[in-house]
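Below: one structure, written as structure tokens.
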Amino acid sequence: MSNKVLVIVESPAKAKTISKFLGRRYQVKASMGHVRDLPKSQFGVDVENDFEPKYITIRGKGDLLKELRSAAKKSDHILLGTDPDREGEAIAWHLAQVLGLDDKEPCRIEFNEITKTAIQNAVKNPRPVERPRVEAQQARRILDRLVGYNLSPLLWRKIKKGLSAGRVQSVAVRLINDREEEINDFKPEEYWTLTAEMKAAKGSLKARLTRQDDAKIEVNSQAEMNRILAELEGHPFVVSEVKTREKRRNPSAPFTTSSLQQEAYRKLGFTARKTMMIAQQLYEGLDLGKDEGTVGLVTYIRTDSVRVSETAIDDVRTHILGRFGPEYVPAEPRQYESKGKIQNAHEAIRPTAVSREPEGIKGIVTNDQFKLYKLIYERFVASQMSSAVLDTTTIDIKAANYGFRASGSVLKFPGFMKVYIEGKDEESSDDEGLLPEVAVDETLGLKKLDPKQHFTQPPPRYTEATLVKALEEKGIGRPSTYAPIIETIVARGYVAREEKQFFLTELGEVVVDLLKEHFPDIIDVEFTASMESKLDSIEEEEYEWKKVLRDFYEPFRETLEEAEEEIGEIEIADEVSDQLCEVCGTNLVVKQGRFGKFLACPRFPECRFTKPLLEEIGVPCPKCGGSVVLRRTKKGRKFFGCANYPECDYVSWERPTDVPCPQCGKLLVQKESKKMGTRRVCTTEGCGFEEVLPEGSPAGTVSHYNEENREEIHRENHAEAPLENVKENHEEQVTAE
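Numbering-wise (this note's numbering), the sequence shown opens with residue 1 and increments by one.
Encoded structure:
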């Protein structure tokens, strides 16, 4: 190879890291992502000329391209080191076009991690640009343009300006809409449980009523429960069977993009967007100080593969052996199977060096970077560890003709659980814990029968984690698109986040109903998943990319023309409030913004007056007796404050109640957790009063006002502002909407 080599990657951070691994004859520059794209101001696809795209230089990239062309002229070889996926391949192809390279010649390098070994191996093994991958990405881009640039103007004309309809985002809104319909149509059904608390010779246990006359029992009314209680009265509780067996639990696969987003949400509270932003930083490289310098900490973070290289498996097995001992290393390396079609040569997300333990970089990287790296590291190490072994015990007990069952398990060998346990979207109902030793035919002493009434619950609303999971399971979108899909549907006002759950807005409902009626294929989950599969198959040369577009567009254009004629204007009336505009005297209307609802003058743009919509919670302020209202920080987090601010400075992260403490007379606050249920608690120092509320009581999060959380609320609302600026910051936030 000649002396001067130009390597082009996407980002300056990536370029900085890579340049440290190459010699002086290599110059590494950044393209800052895409350099060409379809124009924003026009359609940019010649459908009459077999979907020929019209690419233009992205605005603001002119000087950058001049710089790249200049560097290219001074170089003997040019290597394109963009990301190892379809989009990265497309960027490499565009760069080859603008720099006048022959993309059939070896000019493309690919690496899954930014480490010295990986980069040096990559530059020694360039290859041509893979046109099928470019065509797969190009087809996806053009298809999205065909849908978005035809449907969005239709929504502007028929509903209101500023709306958009995307091929994938519309289906995501459809999923949330369908879940909302399930919840609205749900009819709760009553059922009862009966728990027996009993004393054995060697301890106590609880057992649940499960059978009657050796058949599964369901109790659906209080009358049925009363009859059962009467029939049990006076009968002995006798152990009929004791089963103990060994149960093995296997670790989860290392992370894909989707599973990382889900787990980071469950365990760290990170949104999909935040997860991907931090993961990108870990991939591109961080400065770890003089010993290591700048190095990529994790492998490529946009992947749907769970494959791991043999070298990485050997390294982690050696690490596990030295760190935990031979019993923690399975006899054979674990192999995981990826779902569906995955992009070539991809690996799961893993640390680039298993010897770089999280605690070793703590304090060097940011706290969020440390948390996410620790999550990725521990998941990967656990994925190659031995199974956990549990001893599970089931005790069956008979009383009259009824059967009760107690279940418990004890961890016998932790295996992978010593390092990592996967989070769950919902709490498990499995009974855990040690049961006392009992013998068959042993009579147990009944301490208490505890009947409880319950009602079946509707399916839960989607959170970020469960929506990403649903999109992946249904084949909607691809790993790199989940975060922008979620951000878009929230920004457009189709859905709103409340208490970490997604709620469909009135606007979202109108748009979904319109699309379902006139564009059933566009918003059909199975049709969209099938299209995703076809687009993926273009890379495997199973489909010709222009034929895929033709097969879609011809019926779509006909449907579009029919919809234009059939759909009349749809008006979404704003909710009119009883508050008057302070500028022109018109009744203000309720608007939905990115941070929730606010009041605005309907005469916009002639009058631009806005103000916060104060949602009273029906509780008096514990400091001045005014109304406590719900507010939001600039990040959208809820808090509670006095409506008389700034005269009264009461604030709390959590919801106060109007119930006085029976011990000290101060107002109680309400707390809720999955484990402890809903409680009212007195936070007055030295009081300690607490009461558990019945199941189904209104949820709330509460903690009484104190200087510590007051400071925290103000800090989040405006990091550099004085404490007195809460109201002003909130009003500025609303005005910005």
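Note that CB positions come from ideal geometry on N, CA and C, so glycine has one too.
Sequence-distant residues of the same chain with beta carbon closer than 6 Å to lysine 206, five excluded per side
As a first step, residue 206 must be located in the sequence shown, where it is residue number 206. Around lysine 206: Thr195 and Glu197.
Alpha carbon to alpha carbon, how far is arginine 461 from serine 338?
Within the sequence shown, the letter at position 461 stands for residue 461. Within the sequence shown, the letter at position 338 stands for residue 338. Answer to the nearest angstrom: the Cα atoms are 28 Å apart.
With a threshold of 8 Å, are at least 3 pairs of Cβ atoms found where one atom belongs to the stretch 163–175 and the other to the stretch 513–529?
yes
Going by alpha carbons, who is nearest to tyrosine 191 out of Thr210, Tyr543 and Lys199?
For this step, residue 191 is matched to residue 191 along the sequence shown. Comparing Cα-Cα distances from tyrosine 191 to each of Thr210, Tyr543 and Lys199, the minimum goes to Thr210.
Looking only at its own chain, which residues have a Cβ that is under 6 Å from the Cβ of phenylalanine 420, when we skip the five neighbours before and after it?
Position 420 of the sequence shown, counted from the start, is the residue given in the question as residue 420. According to the sequence provided, residue 420 is tyrosine. The question's phenylalanine does not apply to it. Only Glu378, Arg379 and Ala382 meet the Cβ criterion.
For aspartate 658 and valine 619, the rounded distance between their alpha carbons
Reading the sequence shown from its first residue, position 619 is the one you call residue 619. Reading the sequence shown from its first residue, position 658 is the one you call residue 658. Each residue's Cα considered, the two are about 5 Å apart.
Thinking valine 628 and proline 656 are a contact (beta carbons under 8 Å), I'd like their distance in whole angstroms, please.
By 1-based counting over the sequence shown, the position of residue 628 is 628. By 1-based counting over the sequence shown, the position of residue 656 is 656. Yes, they are in contact, since the Cβ atoms of valine 628 and proline 656 sit about 6 Å apart, within 8 Å.
Bounding residues of the beta strand (DSSP E) (the contiguous stretch that carries glutamine 453):
As a first step, residue 453 is located in the sequence shown; it is residue number 453 there, counting from the start. From DSSP, the beta strand (DSSP E) with glutamine 453 extends over 443–455.
Can you list, in chain order, the residues of its chain whose CB lies under 6 Å from that of valine 28, leaving out five sequence neighbours each side?
Taking the first residue of the sequence shown as position 1, residue 28 is located at position 28. Within the same chain, valine 28 has close Cβ partners Val7, Ala15, Ile18 and Ser19.
Given 8 Å as the limit, is there contact between the stretch 124–139 and the stretch 533–545, that is, 3 or more CB pairs closer than that?
yes
Taking the alpha helix (DSSP H) that phenylalanine 324 belongs to, which residues open and close that run?
What you label residue 324 is simply residue 324 of the sequence shown in a count that begins at 1. From DSSP, the alpha helix (DSSP H) with phenylalanine 324 extends over 310–324.
Would you mind sorting glutamate 246 into buried or exposed? The rule is 16 or more other CB atoms within 10 Å of its CB.
The residue given as residue 246 occupies position 246 in the sequence shown. The residue is exposed, with fewer than 16 neighbouring Cβ atoms inside 10 Å.
Cβ neighbours of proline 236 in the same chain (closer than 6 Å, five flanking residues each side left out)
Here the question's residue 236 lines up with position 236 in the sequence shown. Residues of the same chain with a CB within less than 6 Å of the CB of proline 236, apart from the 5 flanking positions on each side, are Thr443 in chain order.
For glycine 739, the nearest candidate out of Thr299, Val354 and Leu297 (CA to CA):
The structure shown does not extend to residue 739, since the chain is modelled only from 1 to 737, so the question has no answer here.
Considering only C-alpha positions, which residue in the set Met417, Phe609 and Arg108 is nearest to aspartate 85?
Within the sequence shown, residue 85 is the residue found at index 85, counting from 1. Closest option to aspartate 85, Cα to Cα, is Arg108.
Using CA coordinates, which residue listed in Gln222, His77, Arg145 and Asp83 is at the minimum distance from lysine 124?
What you label residue 124 is simply residue 124 of the sequence shown in a count that begins at 1. Of the candidates Gln222, His77, Arg145 and Asp83, the one whose C-alpha sits nearest the C-alpha of lysine 124 is His77.
Quick check: what's the CA-CA separation for leucine 143 versus serine 577?
Taking the first residue of the sequence shown as position 1, residue 143 is located at position 143. Taking the first residue of the sequence shown as position 1, residue 577 is located at position 577. If you take the alpha carbons of leucine 143 and serine 577, they lie about 43 Å apart.
If we require 4 or more residues per run, which alpha helix (DSSP H) segments fall completely within the stretch 141–226?
169–185
Chain-order list of residues whose beta-carbon lies under 8 Å from that of proline 662 (same chain, five-residue window excluded)
As a working note, residue 662 is residue 662 in the sequence shown. Result list for proline 662: Phe689, in chain order.
Could you round the C-beta distance between leucine 390 and lysine 412 to whole angstroms and report it? I think they count as a contact, below 8 Å.
Counting from one through the sequence shown, the residue named residue 390 turns up at place 390. Counting from one through the sequence shown, the residue named residue 412 turns up at place 412. Right, the Cβ-Cβ distance comes to about 6 Å (below 8 Å), so this counts as a contact.
Give me the DSSP bridge partner(s) of isoleucine 397.
Numbered from its first residue, the sequence shown carries residue 397 at position 397. Isoleucine 397 is bridged to Val239 and Phe404.
Given a threshold of 16 other Cβ atoms within 10 Å of its Cβ, counted over all protein chains shown, does valine 365 qualify as buried or as exposed?
One-based indexing of the sequence shown puts residue 365 at position 365. The residue in question, valine 365, is buried, as its Cβ has 16 or more Cβ neighbours within 10 Å.
Please say whether valine 440 and glutamine 384 have beta carbons closer to each other than 7 Å?
Translated into positions along the sequence shown, residue 384 becomes position 384. Translated into positions along the sequence shown, residue 440 becomes position 440. No, the pair does not count as a contact, with Cβ atoms beyond the cut-off.
In or out: serine 429 buried (at least 16 other Cβ within 10 Å) or exposed?
What you label residue 429 is simply residue 429 of the sequence shown in a count that begins at 1. Residue confidence is low: serine 429 scores 49 on pLDDT, short of 50, so the model does not pin down where it sits. No coordinate-derived value is stated.
Check whether the stretch 488–504 touches the stretch 282–292, taking contact to mean three or more Cβ pairs, one atom from each stretch, closer than 8 Å.
no
Can you grab the Cα-Cα spacing for the pair proline 660 / alanine 643, in whole Å?
On the sequence shown, position 660 is the one that residue 660 refers to. On the sequence shown, position 643 is the one that residue 643 refers to. For proline 660 and alanine 643, the distance between alpha carbons rounds to 21 Å.
The beta strand (DSSP E) with glutamine 738 in it runs from where to where?
Absent from the structure is residue 738, since the part of the chain shown begins at 1 and ends at 737.
Run through DSSP, which three-state label would phenylalanine 51 get?
Position 51 of the sequence shown, counted from the start, is the residue given in the question as residue 51. Three-state result, phenylalanine 51: coil.
Extent of the continuous beta strand (DSSP E) to which glutamine 27 belongs:
As a position in the sequence shown, residue 27 is number 27, starting the count at 1. Annotation: the continuous beta strand (DSSP E) that includes glutamine 27 extends over 26–30.
Output the distance between the C-alpha atoms of aspartate 574 and leucine 515, rounded to the nearest integer angstrom.
Position 574 of the sequence shown, counted from the start, is the residue given in the question as residue 574. Position 515 of the sequence shown, counted from the start, is the residue given in the question as residue 515. Aspartate 574 and leucine 515: Cα-Cα distance of roughly 22 Å.
Tell me the DSSP secondary structure of arginine 478 in three-state form.
Residue numbering aside, residue 478 sits at position 478 when the sequence shown is read from its first letter. Coil, per DSSP.
Given a cut-off of 7 Å, decide if threonine 257 and proline 479 are closer than it, judged by their beta-carbon atoms.
Position 479 of the sequence shown, counting from 1, holds the residue named residue 479. Position 257 of the sequence shown, counting from 1, holds the residue named residue 257. A contact, by the Cβ cut-off of 7 Å.
Do you know offhand how far valine 9's Cα is from lysine 371's?
Counting from 1 along the sequence shown, the entry for residue 9 is found at position 9. Counting from 1 along the sequence shown, the entry for residue 371 is found at position 371. Cα to Cα, the separation comes out at about 27 Å.
In this structure, how does DSSP classify serine 627 when only helix, strand and coil are distinguished?
Within the sequence shown, the letter at position 627 stands for residue 627. It is a strand residue.
Considering only the beta carbon of each residue, do phenylalanine 21 and lysine 116 sit closer than 7 Å?
Here residue 21 refers to the residue found at position 21 of the sequence shown. Here residue 116 refers to the residue found at position 116 of the sequence shown. Their beta carbons are under 7 Å apart, which means phenylalanine 21 touches lysine 116 by this criterion.
DSSP state of asparagine 587, grouped into three classes?
For this step, residue 587 is matched to residue 587 along the sequence shown. Strand.
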